[in-house]
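Have a look at the structure below, then the notes.
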Amino acid sequence: MSAAIETCELSARLGEEPILHRIALNLPRERWTSIVGPNGAGKSTLLRCLAGLLPHTGAVSVLGRPLADWPQRQRARQLSWLGQNEASADDLTVWDVAMLGRLPHQAWLSPPSADDRAAVERALRATQAWDWRARSLGQLSGGERQRVLLARALAVEAQVLLMDEPLANLDPPHQADWLELVQALVREGKTVVSVLHEVGMALHADELVVMAQGRVTHQGPCADAATHRALEAVFDHRIEVHALQGQWVALPRINPLKSSHHAD
Ligand SMILES: Nc1ncnc2c1ncn2[C@@H]1O[C@H](COP(=O)(O)OP(=O)(O)OP(=O)(O)O)[C@@H](O)[C@H]1O
C-alpha cells in the first residue's frame, strides 16, 4: 500500500539543539499510526515536522508529494492538525472555533457555505460538542475544550489527520469515543497519525512508531510480538504488554521489593 507520509533523513533542531536525527518513516494510507516513546523523545517535534510547522532538513512527503511542493491552501485541506495545549481565542464561540477548520475551503472573506456549515455540524456532533455551540471556548472545561478543538480538526475533512495528545483531559467514555471516531475515519479511507502517552490506547492503532532520543527505534503492527518487545524496551521494561479480552493492554511492572510495604 502506498504511503500517506514518507520521511527520509529527516532531522530537526529546536534552538541550537539537534532533536530529530535522520528519521526514515513510511506511514501507510488508510491506517491509524500511533507514535509513542518516553518524555522528550521528540514525538511532538516529529509530528510538527510532518505538519510542515517546523523547519527541518531531509525529505517529508505527504500523499506522494514533497511537503514543500504543496500549495499552502491545498495542503491545509489535505492535512489537518490538532496540537498540544493549543492557544485559542477564548472569546470565540464553539461554533466559530470549529468553523476555523473550514478556512482552507473558503474564499478570502467569503461567508461560510452550506457545505461548511454542514461539515461543522457533523464535526461538533461527532465530538458531542454540538450543545455548546453558542458558548465561548473560555467557558469550557479542559476536556470539553479538547473536544471542540478535535471538532475543528475533523471539520477540515482532510485526508490525513495529525493529532498530538488528542486524549489530553478526556474522561474514559470520551477516550473510548475518540477510539471509535478514529476507527470510523480509517474505515472511510482517512489516515490518522497520533502522538499518545496512553500506551494502552496507542496499542489499538494499526501501526506503532516507537521513538527514543530523537530516533525511531521500531515501527511495526500493533499486534506483533516484536512491537510489544520494542515498546517494553523503550520504557525500560517498566511496562508489560498482555492480551486481555481481545485487546492489548500495557500494565505497569511494579518492583515487588519496592512495593512490598503495601502488602504489610
Ligand atoms: N525550544 C527548545 N530548545 C531546545 N530544546 C527543546 C526546545 N523545546 C523542546 N526541546 C527539547 O526537545 C526534546 C523533544 O521534545 P518533544 O516535545 O518533541 O518531545 P516529546 O517526545 O513530544 O515529549 P513529551 O512526551 O514529554 O511530550 C525534549 O528533550 C525537549 O526538552
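Mapped onto the working numbering, the consecutive letters of the sequence shown carry residue numbers 1438 to 1701. We treat Cβ as the ideally placed atom computed from N, Cα and C, and that holds for glycine. Since this is a predicted model, take the numbers as computed values, not measurements.
By Cβ distance below 8 Å, which residues in the same chain neighbour Arg-1584 in space, the five residues on each side in sequence not counted? Thr-1564, Gln-1565, Ala-1566, Leu-1607, His-1611
Exposure label - Leu-1546; buried when at least 16 CB within 10 Å: exposed
Specify the secondary structure class of Arg-1584 as computed by DSSP and reduced to three states. helix
Residue environment, Pro-1548, which counts as buried when at least 16 other CB atoms sit within 10 Å: exposed
Is the closest heavy atom of ligand 1 to the C-beta of Glu-1454 under 7 Å? yes
Cβ-Cβ distance between Glu-1617 and Thr-1470 below 8 Å: no
What are the residues that DSSP puts in a beta bridge with Gln-1684? Leu-1681
Contact defined as beta carbons within less than 8 Å: I believe Thr-1444 pairs with Val-1499. What is the distance between those atoms, to the nearest angstrom? In fact, because the Cβ distance is near 10 Å, the residues do not count as touching under 8 Å.
Rounding to the nearest angstrom, what Cα-Cα distance links Arg-1582 and Leu-1574 in this structure? 6 Å
Between the alpha carbons of Ala-1700 and Ile-1691, how many angstroms are there, rounded? For Ala-1700, the pLDDT reaches just 46, beneath the cut-off of 50, and the residue's location in the model is therefore unreliable, although a value from the coordinates is still provided. Those two C-alpha atoms are separated by around 13 Å.
Got a sec, what are the start and stop residues for the alpha helix (DSSP H) Asp-1614 sits in? 1609–1624
Closest by CA to Val-1473, which one among Ala-1639, Pro-1658, Ser-1448? Ala-1639
C-alpha distance - Gln-1596 paired with Leu-1561, whole-angstrom precision: 18 Å
Three-state secondary structure (DSSP) at Asp-1601? strand
Identify, in the order they occur along the chain, each residue of the same chain with its Cβ nearer than 6 Å to the Cβ of His-1641, setting aside the five sequence neighbours on each side. Leu-1616
If Arg-1589 sits next to Ala-1535, beta carbons under 8 Å apart, how far is it from one beta carbon to the other, in whole angstroms? 5 Å
3 or more residues per run - each beta strand (DSSP E) lying fully within the segment 1472–1536: 1494–1499, 1516–1519
Assigned exposure category for Thr-1494 - 16 Cβ within 10 Å defines buried: exposed
Give the secondary structure of His-1641 by DSSP, where H, G and I count as helix, E and B as strand, and everything else as coil. coil
Look up His-1542 in the DSSP assignment and give the residues it is bridged to. Looking at the DSSP assignment, His-1542 forms no beta bridge with any residue, so it has no partner.
Closer than 7 Å by C-beta to Leu-1702: which residues in its own chain qualify, once you throw out the five before and the five after it? Chain order, please. With the chain covering 1438 to 1701 only, the question about residue 1702 has no answer from this structure.
Identity of the residue in Pro-1455, His-1458, Ala-1440, Lys-1480 nearest Val-1632 by Cα: Lys-1480
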